[in-house]
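Residues in the sequence shown are numbered from 4 upward in steps of one, following the working numbering.
Written below as structure tokens is the structure these notes are about.
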Amino acid sequence: MIHDSTVMDLLTAGLRAESQRQQTIANNIANINTDGFRRSEINFDEALAKALDKNGSFDPNKLKTEVFQPEDTPINEFGSDVGLDTEVGEMAKNSLRHRTYMLVLKKKYLQMDQAMKF
4 MIHDSTVMDL LTAGLRAESQ RQQTIANNIA NINTDGFRRS EINFDEALAK ALDKNGSFDP
64 NKLKTEVFQP EDTPINEFGS DVGLDTEVGE MAKNSLRHRT YMLVLKKKYL QMDQAMKF
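Quick look at the structure:
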């Protein structure tokens, strides 16, 4: 069973990862015309799987997201693999994930607030 504190830790970690991902995407877009620039991504899903144990407990200290450069992206004639369409799509997905984390976190805080009023 996942406890509320674990859920809050997971949501907070997710928000941090989405913030880091947003910065990474912004950096990719900023370097779109830089010859030889390789796009970067964040490995939050893999890091989260490692931080969760078999019982569903979560240790935030074990969550280590890393920036990496994917090797399976096509490279253009300038040696870059950054595409504006790809980055804008990733930014849209990231914004939706961030919004979802925020809505769930807000709901958890409202539940705690209601519980304290009784």
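For glycine and all other residues, C-beta sits at the position ideal for the given N, C-alpha and C.
Query raised in the report: Quick one: what does DSSP say Asp85 is sitting in, helix, strand or coil?
Result: For the purposes of this step, residue 85 is taken as the residue at position 82 of the sequence shown. The displayed chain sequence assigns Val, not Asp, to residue 85. Looking at Val85 - three-state DSSP - the assignment turns out to be coil, as it is neither helix nor strand.
Query raised in the report: What residues are listed by DSSP as bridge partners for Glu44?
Result: As a first step, residue 44 is located in the sequence shown; it is residue number 41 there, counting from the start. Note: Glu44 sits in a beta bridge opposite Phe71.
Query raised in the report: With distances taken from CA atoms, which of Lys110, Pro77, Leu113, Asn97 is nearest Ser22?
Result: In the sequence shown, the residue the question calls residue 22 occupies position 19. Closest option to Ser22, Cα to Cα, is Asn97.
Requested in this report: Excluding the 5 residues preceding and the 5 following Thr9 in the sequence, name in chain order all residues of the same chain whose CB lies nearer than 8 Å to its CB.
Outcome: To locate residue 9, count along the sequence shown from 1; it is residue 6. Gly59, Ser60, Phe61, listed in sequence order.
**Report entry** Simplified DSSP assignment, three categories, for Arg66
**Finding:** For the purposes of this step, residue 66 is taken as residue 63 along the sequence shown, with counting starting at 1. Per the sequence shown, the amino acid found at residue 66 is Leu instead of Arg. Of the three classes helix, strand and coil, the one that applies to Leu66 here is coil, per DSSP.
Query raised in the report: Taking C-beta to C-beta, are Arg197 and Thr76 nearer than 9 Å?
Result: No statement about residue 197 is possible, as the shown extent of the chain runs from 4 to 121 and does not include it.
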